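>
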Amino acid sequence: MKLHQEQLELRTHGKGTYEMTDQIQERVTKCKIRRGLVTVLVQHTSCSLTMMENAAPAARRDVERFFDKLVPEDADYEHDDEGPDDMPSHIRMVLTRSSEAIPIADGKLQLGTWQGIFLFEHRRDPHRRRIYVTIIGE
Amino acid sequence: MKLHQEQLELRTHGKGTYEMTDQIQERVTKCKIRRGLVTVLVQHTSCSLTMMENAAPAARRDVERFFDKLVPEDADYEHDDEGPDDMPSHIRMVLTRSSEAIPIADGKLQLGTWQGIFLFEHRRDPHRRRIYVTIIGE
Amino acid sequence: MKLHQEQLELRTHGKGTYEMTDQIQERVTKCKIRRGLVTVLVQHTSCSLTMMENAAPAARRDVERFFDKLVPEDADYEHDDEGPDDMPSHIRMVLTRSSEAIPIADGKLQLGTWQGIFLFEHRRDPHRRRIYVTIIGE
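Residue numbers (our numbering), protein chains in the order written: chain A, 1 to 138; chain B, 139 to 276; chain C, 277 to 414.
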């Protein structure tokens, strides 16, 4: 069994969902592990990792609008010194995910047909987001 | 260290929670890995993976009712061409989980006393759901 | 590749978030696996595992208040024989997480600067909570 680790960087430019399935597949391909597991960790507390429908942009906009309404920016938060989008970002992160484990077979991520891996950015300003990928297999 | 991978299929017949702890334990037992880790991925974006209380059916009905209310079918979604239960299914999936990692010791899943592994179906129609199991250990 | 497994116990004294990053790092250090993956499972259905902002206590209180409001204790639950905080605890668990996978490099958990691993206790009474740690690596 082999182990490969790598840190990716993703630039975000405001709230929304950013697909990173291809970048993760690329790392799997390059490290030549053909069968095993990749785990992905988003190393932040104001953005999330999530699986999502990757074909219909309207579905992603509906998801984003749902979270805007469920965790509003104008609620009365105690922690409000980093701007109105800061505290909602931490709550949205807790409601979604930080890590996922995805199988690899024949050198390919074993995702469903419509399943993509996304970074879910909850902050308005541009950010450089770090994603840590660990691949275990043979 | 050994690696075993397998795809399960689960048939669902409408919205609700379907326990699959026994099916996953069965795969662990058959592959003869006695100590390690099993990761489970639900390969869909309109149903979820979740841990849940496995003793009280009333508790599961309360969870299901909570999600029906939190993510209603009659909200005004932009993506609505696949029926009223489609867009809520994607949002409920984002609010819950796609993958989990569960330890194995003495050949058994190391779950808590009341902890079961469930597929959480968010669509009304019957579906064949694919679950990918990766077992790493010795 | 080596495998190390250990069960931790954490005592909670009422609802709230309890950081356990240091206890998990300590297990990683002791087992001498320098590079790999640690997976953490909370073996309960009435408390959760979550990543969270670990610097600002006010941010954690906001998260806790958000969940108190989103999943209220005084809603009309069918499963209510274990007290008003029981059913909300199961729903809050489903909305958050049970397991996470965190990379290890140079013997250290590869978390982001403000990222901590927390147990999110949803019950009022004191509890002994069991957390199962699996470390795979070299």
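For every residue, glycine included, the Cβ atom is placed at its ideal position computed from N, Cα and C. If you're wondering where the values come from, they're calculated on a predicted model, not measured in any experiment.
Would you report the Cα separation of serine 227/B and glutamate 53/A, rounded to the nearest angstrom?
10 Å
> Output, in chain order, the set of chain A residues within a Cβ distance shorter than 9 Å of arginine 268/B.
Gly112
> Would you list, in chain order, the members of the segment 309–335 of chain C that have their beta-carbon closer than 7 Å to a beta-carbon of chain A?
Result list: Arg311, Gly312, Leu313, Thr326, Met327, Met328, Glu329, Ala332, Ala334, Ala335.
> Could you list which residues in chain C have their beta carbon closer than 8 Å to that of valine 201/B, in chain order?
His366, Ile367, Val370
> Does any residue of chain B bring its CB to less than 9 Å from the CB of isoleucine 102/A?
The beta carbon of isoleucine 102/A falls within 9 Å of a beta carbon belonging to chain B, placing the residue at that interface.
> Please say whether valine 316/C and isoleucine 380/C have beta carbons closer to each other than 9 Å?
no
> Can you tell me the Cβ-Cβ gap for arginine 173/B and glutamine 319/C, rounded? I've got them flagged as a contact below 8 Å.
Contact flag wrong, Cβ pair sits at about 17 Å.
> Buried or exposed for aspartate 401/C, going by 16 or more other Cβ atoms inside 10 Å?
exposed
> Assign histidine 13/A to one of three DSSP states: helix, strand, or coil.
strand
> Compute the distance between the beta-carbons of threonine 288/C and cysteine 323/C, then report whether it is under 9 Å.
yes
> Just to confirm before moving on: does the CB-CB distance between isoleucine 135/A and cysteine 31/A stay below 9 Å?
yes
> Find the residues of chain B that neighbour methionine 1/A, judging by a C-beta separation of less than 8 Å, and give them in chain order.
Met139, Leu141, Ile274
> Applying the 10 Å Cβ sphere with the 16-neighbour rule, what's the burial state of arginine 266/B?
exposed
> Flag this pair as yes or no: are the beta carbons of glutamine 163/B and leucine 247/B separated by less than 9 Å?
It is a contact, given that the beta carbons lie within the stated cut-off.
> Can you tell me where the beta strand (DSSP E) with leucine 70/A in it begins and where it stops?
Looking at the DSSP string, leucine 70/A is not in any beta strand (DSSP E); the run it does join, the alpha helix (DSSP H), is 57–70.
> Quick check on the DSSP output: the beta strand (DSSP E) that includes glutamate 100/A runs from which residue to which?
Annotation: the continuous beta strand (DSSP E) that includes glutamate 100/A extends over 99–105.
> Looking at the unbroken alpha helix (DSSP H) that takes in serine 46/A, where does it start and where does it end?
No alpha helix (DSSP H) contains serine 46/A, which DSSP labels as neither H nor E.
> Looking at chain C, is there any beta carbon in it that lies within less than 9 Å of the beta carbon of alanine 243/B?
Chain C contact via Cβ: present.
> Inspect the beta-carbon positions of arginine 337/C and histidine 79/A and report whether they are closer than 9 Å.
yes
> Quick check: what's the CA-CA separation for glycine 112/A versus isoleucine 102/A?
A direct Cα-Cα distance of roughly 11 Å separates glycine 112/A from isoleucine 102/A.
> Among Gly254/B, Met231/B, Phe258/B, which has the Cα closest to the Cα of tryptophan 114/A?
Met231/B
> Between leucine 371/C and leucine 395/C, is the Cβ-Cβ spacing less than 9 Å?
no
> Specify the secondary structure class of proline 402/C as computed by DSSP and reduced to three states.
strand
> Run through chain B and tell me which residues come within less than 8 Å of histidine 423/C, C-beta to C-beta.
Beyond the ends of chain C as shown, which are 277 and 414, falls residue 423/C; an answer cannot be given.
> State the CB to CB distance for the pair glutamate 73/A and aspartate 85/A, rounded to an integer number of angstroms; the pair is presumed to be in contact (CB under 8 Å).
Going by Cβ atoms, the distance from glutamate 73/A to aspartate 85/A rounds to 6 Å, so yes, they are a contact pair.
> Pop quiz: glutamate 138/A and isoleucine 117/A are said to be a contact at Cβ under 8 Å. What is the actual Cβ separation, rounded to whole angstroms?
Isoleucine 117/A and glutamate 138/A do not touch by the CB rule: their CB atoms are close to 22 Å apart, not below 8 Å.
> Against chain B, does arginine 303/C count as a neighbour if the rule is that its beta carbon must be under 9 Å from one of theirs?
no
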